[in-house]
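Notes for the one structure printed next.
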Amino acid sequence: MGRRKKMVERVTALMGTPETIRNIGIVAHIDHGKTTLSDNLLGGAGMISKELAGKQLFMDSDEEEQARGITIDASNVSMVHEYEGKEYLINLIDTPGHVDFGGDVTRAMRAVDGAVVVIDAVEGTMPQTETVLRQALREHVKPVLFINKVDRLINELQVDSQEMQVRLGKLIDHVNKLIKGMNEERYKAGWKVDAAAGTVAFGSALYNWAISVPMMKKTGISFNDVYDYCKKEDMKALADKCPLHEVVNDMVVRFLPNPLQAQKGRVAAIWHGDKELPIAKAMMSADASADLTFMVTDISMDPHAGEVATGRLFSGSLTRGMEVYVSGAAKKNRIQQVGIFMGPERLEVEKIPAGNIAAVTGLKDAIVGSTVTTLENMTPFESIKHGSEPVVTVA
Ligand code: GDP
54 MGRRKKMVER
64 VTALMGTPET
74 IRNIGIVAHI
84 DHGKTTLSDN
94 LLGGAGMISK
104 ELAGKQLFMD
114 SDEEEQARGI
124 TIDASNVSMV
134 HEYEGKEYLI
144 NLIDTPGHVD
154 FGGDVTRAMR
164 AVDGAVVVID
174 AVEGTMPQTE
184 TVLRQALREH
194 VKPVLFINKV
204 DRLINELQVD
214 SQEMQVRLGK
224 LIDHVNKLIK
234 GMNEERYKAG
244 WKVDAAAGTV
254 AFGSALYNWA
264 ISVPMMKKTG
274 ISFNDVYDYC
284 KKEDMKALAD
294 KCPLHEVVND
304 MVVRFLPNPL
314 QAQKGRVAAI
324 WHGDKELPIA
334 KAMMSADASA
344 DLTFMVTDIS
354 MDPHAGEVAT
364 GRLFSGSLTR
374 GMEVYVSGAA
384 KKNRIQQVGI
394 FMGPERLEVE
404 KIPAGNIAAV
414 TGLKDAIVGS
424 TVTTLENMTP
434 FESIKHGSEP
444 VVTVA
């Protein structure tokens, strides 16, 4: 069997079992290393050549496209990661790092259940780190932390091993203070980040290595060893022993929730309809046989298929030819293609069950923020907001 065919089979098998899915975003202040980290994850998972990962497809955007929230990037990728002998499907939604793209970050947060917050070890938290963290918490998206550019602490700031650990500890404390200040309830419920527990990883995306307490236990590599490898400028050896993609994807699989675990809390946070209705229960349990509820978080242009609406499927299953209501539109729309991502490629499939990120064509009335459902009178999802300003309102 060809490599591609095998990968298609793996991806389609995994999307049918929500326990093996993780929908995540990587969020960061600009230049802290989000792109370099994403490239590592994709390259490591063997889904794409390292040279290709992270490249964006640009297209001309006209006024109508802008008005409807159509974006210019191909920003969703999926990868298969093996953890403790079991395969997982990690759907990674790209989130722009620039402050002007705050609205896009919030859209992406709507689709995911967990976030990897990337912080430059030298710069520490920046205004945009706070903004993206706040957005994640508001959308009920659980954070884990990746402290990047640790090599700079050692080779540029010339701190010693002890000072390095003190600085990293202070940075973690600071992030926890932010989380506590932004959402004390979640903080108390165990959403603080904790190196000893394994929800913090440290590393260098540029040099392809990372370490976490679980990885230290597995490999026997300590902070002092990390320091020595960096000091000796032998980070290649460190990357062989502690590859970044393995450390970060292990952390994602182990500590970020699967859709079944996540949707209960997320639906309560982003949907304000009657929680006793069957549809509320279906969404909270990611019931694939219930009515369809799908929220559009991105619309992009495909050179062959035309407009592709990407979003999060909370309940039901998407199939070709399905007739659906789009919030704010008078007439039903007919779903044409349904697809998921394999690497950066959109892969057409017969059926996509709840809990996945799906990409569909045929939703001609959809805008970013639309609620798409088989129910005639469903309360739409809360409109996607950034800060206190509504960025997109659902008509
Ligand atoms: P983004 O804006 O968050 O996507 O950041 P990029 O991934 O584009 O990285 C910004 C800059 O930091 C680039 O010049 C990278 O090469 C550099 N960079 C990324 N990760 C590291 C790292 O771990 N160590 C060092 N020294 N530089 C890094």
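The opening residue of the sequence shown carries number 54 in my numbering; numbering runs sequentially from there. Cβ atoms here follow ideal geometry from the backbone N, Cα and C, with glycine treated the same way. Values in this document were obtained by computation on a predicted structure and should not be read as measured data.
Straight-line gap, G86 to L145 (C-alpha atoms, nearest Å): The sequence position of residue 86 within the sequence shown is 33, counting from 1. The sequence position of residue 145 within the sequence shown is 92, counting from 1. C-alpha separation (whole angstroms): 15 Å.
Rounded to whole angstroms, what is the Cα-Cα separation between K59 and V133? Along the sequence shown, one-based indexing puts residue 59 at 6. Along the sequence shown, one-based indexing puts residue 133 at 80. Inter-residue distance for K59 and V133 is about 12 Å (C-alpha atoms, whole angstroms).
For the ligand GDP, enumerate in chain order all residues having a CB closer than 6 Å to any of its heavy atoms. That query returns the following residues: A81, I83, D84, H85, G86, K87, T88, T89, G150, N201, K202, D204, R205, S257, A258, L259.
Specify, as a first and last residue, the run of the alpha helix (DSSP H) that A315 falls within. Reading the sequence shown from its first residue, position 262 is the one you call residue 315. That run of the alpha helix (DSSP H) goes 312 to 323.
Endpoints, the beta strand (DSSP E) within which P296 is located: Numbered from its first residue, the sequence shown carries residue 296 at position 243. Segment: none, P296 is in no beta strand (DSSP E) and carries neither H nor E.
Which ranges would you report for the alpha helix (DSSP H) in the stretch 156 to 231 if only whole runs of at least 4 residues count? When DSSP assignments are scanned along the stretch 156 to 231, the uninterrupted stretches of alpha helix (DSSP H) that are 4 or more residues long and fall wholly within it turn out to be 180 to 191, 203 to 208.
Span of the beta strand (DSSP E), counted from its first residue to its last, around I79: Taking the first residue of the sequence shown as 1, we reach residue 79 at position 26. Following the DSSP letters along the chain, one finds I79 inside the beta strand (DSSP E) bounded by residues 74 to 81.
Which same chain residues end up closer than 6 Å to G150 when comparing Cβ atoms and leaving out the 5 residues on each side of it in sequence? Taking the sequence shown and counting its residues from 1, one reaches residue 150 at position 97. Its pLDDT being 48, under 50, G150 is placed unreliably by the model, and the measurement read from it follows with that caveat. The beta carbon of G150 is closer than 6 Å to those of A81, I83, K87 in its chain, skipping five residues each way along the sequence.
Whole-Å CB distance - D52 paired with V421, under 8 Å assumed: Since the first residue of the chain shown is 54 and the last is 448, residue 52 is not available in this structure.
Would you mind working out which of H193, F199, R187 sits nearest D173, comparing C-alpha positions? Taking the sequence shown and counting its residues from 1, one reaches residue 173 at position 120. Here the closest residue by C-alpha is F199.
Consult DSSP for E238 and reduce its assignment to one of helix, strand or coil. Here residue 238 refers to the residue found at position 185 when the sequence shown is read from its first residue. Residue state, collapsed to three classes: helix.
Cβ distance (whole Å) where N302 is taken to contact I143 below 8 Å: What you label residue 302 is simply residue 249 of the sequence shown in a count that begins at 1. What you label residue 143 is simply residue 90 of the sequence shown in a count that begins at 1. Your pair N302 and I143 checks out as a contact, with CB atoms roughly 6 Å apart and the cut at 8 Å.
Please classify T272: does DSSP put it in a helix, a strand, or coil? For the purposes of this step, residue 272 is taken as residue 219 along the sequence shown, with counting starting at 1. Helix at T272.
From the DSSP output, which residues share a beta bridge with I143? Here residue 143 refers to the residue found at position 90 of the sequence shown. When DSSP reads this structure, I143 sits in a beta bridge with R75, M132.
Check whether A168 and P196 have beta carbons under 8 Å apart: Taking the first residue of the sequence shown as 1, we reach residue 168 at position 115. Taking the first residue of the sequence shown as 1, we reach residue 196 at position 143. Inclusion of A168 and P196 in the CB contact set at 8 Å is warranted, their separation being smaller than that value.
Could you tell me which of R187, Q181, D293, S265 sits nearest to G97, measuring between CA atoms? The residue labelled residue 97 in the question sits at position 44 within the sequence shown. Per the Cα distances, D293.
Using the Cα positions of A189 and T159, report the straight-line distance between them to the nearest angstrom. Looking up residue 189 in the sequence shown gives position 136. Looking up residue 159 in the sequence shown gives position 106. Taking the Cα positions, A189 is about 8 Å away from T159.
State buried or exposed for A339, treating a residue as buried only when at least 16 other CB atoms are found within 10 Å of its CB. One-based indexing of the sequence shown puts residue 339 at position 286. By the 10 Å Cβ count, A339 comes out buried.
Could you pull the start and end residues of the alpha helix (DSSP H) that P331 belongs to? For this step, residue 331 is matched to residue 278 along the sequence shown. Unbroken alpha helix (DSSP H) run through P331: 331 to 337.
For A419, collect the residues of the same chain with a Cβ closer than 6 Å to its Cβ; drop the 5 residues on either side in sequence, then sort them by chain order. If you number the sequence shown from 1, residue 419 lands on position 366. The answer, listed in chain order, is V349, A362, V379.
Would you kindly work out how many angstroms separate the C-alpha atoms of D92 and N430, rounded to a whole number? Position 39 of the sequence shown holds residue 92. Position 377 of the sequence shown holds residue 430. Approximately 42 Å between the Cα atoms of the pair.
Give a yes or no on contact between the stretch 299 to 316 and the stretch 235 to 252, applying the rule of three or more CB pairs nearer than 8 Å. Touching, yes.
Helix, strand or coil for G97? Go by DSSP, reduced to three states. For the purposes of this step, residue 97 is taken as residue 44 along the sequence shown, with counting starting at 1. Here G97 sits in helix by DSSP.
Sort Y136, V391, V300 by Cα distance to N261 and report the nearest one. The residue you call residue 261 lines up with position 208 of the sequence shown. For the residues Y136, V391, V300, the minimum Cα distance to N261 belongs to V300.
For F308, does the three-state DSSP call read helix, strand or coil? Translated into positions along the sequence shown, residue 308 becomes position 255. Helix.
Thinking D327 and T427 are a contact (beta carbons under 8 Å), I'd like their distance in whole angstroms, please. As a first step, residue 327 must be located in the sequence shown, where it is residue number 274. As a first step, residue 427 must be located in the sequence shown, where it is residue number 374. About 18 Å separates the Cβ atoms of D327 and T427, ruling out a contact at the 8 Å cut-off.
Taking DSSP as the reference, what is the three-state secondary structure of D418? Here residue 418 corresponds to residue number 365 of the sequence shown, with the count starting at 1. Shown here, D418 sits in coil according to DSSP, grouped into three states, outside any helix or strand.
Could you tell me the distance, in whole angstroms, from the CA atom of A411 to the CA atom of I393? Locating residue 411 in the sequence shown gives position 358, counting from the first residue. Locating residue 393 in the sequence shown gives position 340, counting from the first residue. Distance between the alpha carbons of A411 and I393: 5 Å.
Report back the beta-carbon spacing between N386 and I74 to the nearest angstrom; my notes put them in contact at under 8 Å. Within the sequence shown, the letter at position 333 stands for residue 386. Within the sequence shown, the letter at position 21 stands for residue 74. With 8 Å as the limit, N386 and I74 do not qualify as a contact, their Cβ atoms being about 26 Å apart.
In the DSSP assignment, find the unbroken beta strand (DSSP E) run with A362 in it and report its ends. Taking the sequence shown and counting its residues from 1, one reaches residue 362 at position 309. Element bounds for A362: 359 to 368.
Residue range of the alpha helix (DSSP H) that includes A66: Here residue 66 refers to the residue found at position 13 when the sequence shown is read from its first residue. A66 -> alpha helix (DSSP H) spans 56 to 67.
For Y280, which of helix, strand or coil comes out of DSSP? If you number the sequence shown from 1, residue 280 lands on position 227. When DSSP states are grouped into helix, strand and coil, Y280 belongs to the helix group.
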